[in-house]
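This report refers to the structure that appears directly beneath it.
Protein chains: 2
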Amino acid sequence: MPTVLDVAKCAGVSPITVSRVINRSGSFSEETRKRVEAAVAELGYVQNSVARSLRSSRTNTIALIVSDITNPFFTSLARGVEDTASDAGYTVFFCNTDELTEEEERYTQVLLQKQVDGFLLVPAHSSLNSIEKIQKHNIPLVIIDRWLPGVAVDSVRCDSVEGSYQLTRLLLSLGHRNIALISGPKDVSTSIDRVSGYRNALEEAGLPFDPANVQYGEFVQSSGYALTKRVLAMDPRPTAIFGANNFIAIGVLKALNDAGIKVPGEISVVGFDDLPELLVVSPFLTVASQPAYEMGCRATRLLIERLGKKGAGEKQQVILPTQVIVRGSTGAANG
Amino acid sequence: MPTVLDVAKCAGVSPITVSRVINRSGSFSEETRKRVEAAVAELGYVQNSVARSLRSSRTNTIALIVSDITNPFFTSLARGVEDTASDAGYTVFFCNTDELTEEEERYTQVLLQKQVDGFLLVPAHSSLNSIEKIQKHNIPLVIIDRWLPGVAVDSVRCDSVEGSYQLTRLLLSLGHRNIALISGPKDVSTSIDRVSGYRNALEEAGLPFDPANVQYGEFVQSSGYALTKRVLAMDPRPTAIFGANNFIAIGVLKALNDAGIKVPGEISVVGFDDLPELLVVSPFLTVASQPAYEMGCRATRLLIERLGKKGAGEKQQVILPTQVIVRGSTGAANG
DNA sequence: CTGTTAGCGCGTTCAT
DNA sequence: ATGAACGCGCTAACAG
Numbered sequence: 001m002p003t004v005l006d007v008a009k010c011a012g013v014s015p016i017t018v019s020r021v022i023n024r025s026g027s028f029s030e031e032t033r034k035r036v037e038a039a040v041a042e043l044g045y046v047q048n049s050v051a052r053s054l055r056s057s058r059t060n061t062i063a064l065i066v067s068d069i070t071n072p073f074f075t076s077l078a079r080g081v082e083d084t085a086s087d088a089g090y091t092v093f094f095c096n097t098d099e100l101t102e103e104e105e106r107y108t109q110v111l112l113q114k115q116v117d118g119f120l121l122v123p124a125h126s127s128l129n130s131i132e133k134i135q136k137h138n139i140p141l142v143i144i145d146r147w148l149p150g151v152a153v154d155s156v157r158c159d160s161v162e163g164s165y166q167l168t169r170l171l172l173s174l175g176h177r178n179i180a181l182i183s184g185p186k187d188v189s190t191s192i193d194r195v196s197g198y199r200n201a202l203e204e205a206g207l208p209f210d211p212a213n214v215q216y217g218e219f220v221q222s223s224g225y226a227l228t229k230r231v232l233a234m235d236p237r238p239t240a241i242f243g244a245n246n247f248i249a250i251g252v253l254k255a256l257n258d259a260g261i262k263v264p265g266e267i268s269v270v271g272f273d274d275l276p277e278l279l280v281v282s283p284f285l286t287v288a289s290q291p292a293y294e295m296g297c298r299a300t301r302l303l304i305e306r307l308g309k310k311g312a313g314e315k316q317q318v319i320l321p322t323q324v325i326v327r328g329s330t331g332a333a334n335g
Numbered sequence: 336m337p338t339v340l341d342v343a344k345c346a347g348v349s350p351i352t353v354s355r356v357i358n359r360s361g362s363f364s365e366e367t368r369k370r371v372e373a374a375v376a377e378l379g380y381v382q383n384s385v386a387r388s389l390r391s392s393r394t395n396t397i398a399l400i401v402s403d404i405t406n407p408f409f410t411s412l413a414r415g416v417e418d419t420a421s422d423a424g425y426t427v428f429f430c431n432t433d434e435l436t437e438e439e440e441r442y443t444q445v446l447l448q449k450q451v452d453g454f455l456l457v458p459a460h461s462s463l464n465s466i467e468k469i470q471k472h473n474i475p476l477v478i479i480d481r482w483l484p485g486v487a488v489d490s491v492r493c494d495s496v497e498g499s500y501q502l503t504r505l506l507l508s509l510g511h512r513n514i515a516l517i518s519g520p521k522d523v524s525t526s527i528d529r530v531s532g533y534r535n536a537l538e539e540a541g542l543p544f545d546p547a548n549v550q551y552g553e554f555v556q557s558s559g560y561a562l563t564k565r566v567l568a569m570d571p572r573p574t575a576i577f578g579a580n581n582f583i584a585i586g587v588l589k590a591l592n593d594a595g596i597k598v599p600g601e602i603s604v605v606g607f608d609d610l611p612e613l614l615v616v617s618p619f620l621t622v623a624s625q626p627a628y629e630m631g632c633r634a635t636r637l638l639i640e641r642l643g644k645k646g647a648g649e650k651q652q653v654i655l656p657t658q659v660i661v662r663g664s665t666g667a668a669n670g
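Residue numbers (the working numbering), protein chains in the order written: chain S, 1 to 335; chain W, 336 to 670.
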């Protein structure tokens, strides 16, 4: 493969001039530009970004670390990230941690080695190792979807407390007094916030917060399914179930389906996270919807802003609203 | 950030010795290893892959170029790619072309510059520019999901002809004689193959192939929706509709829903590509399902095999079977 | 507007 | 088992 040197010889100029023309940096005559571009075309020259990066200390590359790209929420988010990054001249590495701290740390290490210009991270649980390592290396970082206690970082997420509060209020307004919440892991902020919102709504309504009504599990369908079975065994049986993310909510609906329980006739169901309308024929679930694509765009824009002025400026917290969408899975409590 | 030199000084050895310990290459004493590792830990040294790549001409990086990661088929595929790549020590760049040839070429150029070790590509339409460019640079390439006329490349895809043939036979066996096929773009191989399979089944059954029954559009929901409207206006009206991918099939179902037409009572519907069971409460659509995750794994394994022996060996074509899953959207033709 | 020099951080080559 | 010298391809810094 030809190098700048070959192009330079072919065009009868010095390597640095070739560099200037290719990168549109510095200045050069129209005549030189033409000769260089002709040489580039003739030789089929392709610039070597690796060498360029070694010299310039920039790779035009960012990392996106999520728990599972297969979750439609993260898929949309990833698409937002890629669109925004691509427009700004960045290429995106993507990584799935499956909520495993070790995987997160392994990826962080590799990507630090690869000299990514910035990190977009959905933290697995509440380990700070990765974050501290990234910060120690002075690489811009934006945390997405979750917060972590005691760290000052740029972040973009949705208002889970408020979304959860509104969903719970909706159920209360329908007459439900016994509402089960099937949550994710205890140490993930989205779980914590959604429990808080739920609790706030109950207390505002003068109802007791019963810890037994909150089941902690994983943000996966099988967890939603299994915990619903447990909820159904409770006495008195809740008249509404709140699934704390999309997978859990689907697990809830499956379990109710399998148990022959009518929704919303016998039990109402609400969920957090909507499914993209491109995937659903007739949306049924009442949800608090998060603007996943938009979150990806915002986080990427924030990150790219940071790339210029490393470390400078106050950390920013972008908190986007959720939108409650009422559909067929919720109805009046009977009894 | 510290470099090998700093580590070397700190450990009282030469840079190359540090390199040997870190990469477990060459030989060194146990004593040296300990001193180097202590220095690495003390300084928080992280190897610079960019410099390493410049020297070694390998980046341990591959590119995945798909039309749209938001399509669950590509999402699962991407997950298969990432899992396999990660296990083998590779990191993945992901890119969305939206079926645009210019985007494909732009990404190809950028990734060539970034010296990716290999390409996984779902080609947009039938332009060969990107492929020829990649081949000219001698970078291993595996084409996924589609074939292109007149190029010898490694590829992994499903047997769309057979899947389509079986879906059509299923409809025929249910008594349908007037089956509309809503397809993707005319120049994409998956469209071509699915029309072929459909045609084969009809002709085998002694039925005429009526080109008017095949509507070409895009592989998107709005296209499936709009073309269904057109199909519904036909006289005689088809008793079954075949959506050539997941998005189209959903568009078909939405259009029938909006038109108040019962499925399968009045019209049966089949689709290509299944939706992940994690996303669906009660699967309804009869489909030919493609093992998307597996395709991603296979393609990545094939690519990684190639990375060792560049250009050597015969090009390989992996063709995986589809699986027809009969569900509630198909019923007997009445009439 | 253009060129010279030097060096980014690492690993290959050859020596000891 | 260890080290010295050199160069991967490019561009920053400094001329002119």
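Note that CB positions come from ideal geometry on N, CA and C, so glycine has one too.
Between the beta-carbon of residue i and the beta-carbon of residue j, is there less than 7 Å?
| i | j | result |
| --- | --- | --- |
| W:Arg414 | S:Ile69 | yes |
| W:Gln550 | W:Leu567 | no |
| S:Val7 | S:Val21 | no |
| S:Leu320 | S:Gly118 | no |
| S:Thr239 | S:Ala333 | yes |
| S:Gly184 | S:Val161 | no |
| S:Val326 | S:Thr286 | yes |
| W:Ile585 | W:Gln625 | no |
| W:Leu638 | W:Pro475 | yes |
| S:Ala63 | S:Lys315 | no |
| W:Ala547 | W:Lys564 | no |
| S:Ser130 | S:Thr108 | yes |
| S:Thr91 | W:Phe428 | yes |
| W:Ile514 | W:Leu506 | yes |
| S:Gly331 | S:Pro236 | no |
With DSSP as the reference, please indicate the residues paired to residue i in a beta bridge.
| i | result |
| --- | --- |
| W:Gln658 | W:Ser624 |
| S:Val270 | S:Phe242 and S:Thr286 |
| W:Ser490 | W:Ile478 and W:Gln652 |
| W:Leu516 | W:Val549 and W:Phe577 |
| W:Ile397 | W:Val427 and W:Gly453 |
How about residue i: is its C-beta nearer than 7 Å to some C-beta of chain S?
| i | result |
| --- | --- |
| W:Gln382 | yes |
| W:Arg414 | yes |
| W:Gln556 | yes |
| W:Leu476 | no |
| W:Lys449 | yes |
| W:Thr419 | no |
| W:Asn431 | yes |
| W:Ala386 | yes |
| W:Leu340 | no |
| W:Phe607 | no |
| W:Thr635 | no |
| W:Thr621 | no |
| W:Leu456 | no |
Can you tell me whether residue i is buried or exposed? The criterion is at least 16 other CB atoms within 10 Å of its CB, across all chains shown.
| i | result |
| --- | --- |
| S:Ala124 | buried |
| W:Leu502 | buried |
| W:Gln382 | buried |
| W:Lys449 | buried |
| W:Met331 | Summary: the structure shown does not reach residue 331 of chain W, with chain W confined to residues 336 through 670, and so no result is reported for it. |
| W:Asp522 | exposed |
| W:Gly559 | buried |
| W:Ile351 | exposed |
| W:Pro543 | exposed |
| W:Ala634 | buried |
| W:Asn431 | buried |
| S:Gly26 | exposed |
I'd like to know whether the C-beta of residue i is nearer than 7 Å to at least one C-beta of chain W.
| i | result |
| --- | --- |
| S:Arg20 | no |
| S:Val281 | yes |
| S:Arg55 | no |
| S:Ala233 | no |
| S:Ile250 | yes |
| S:Lys254 | yes |
| S:Leu171 | no |
| S:Phe73 | no |
Problem set entry | Sufficient close CB pairs (3 or more, under 8 Å) joining the region 261-272 of chain S to the region 53-60 of chain S | no
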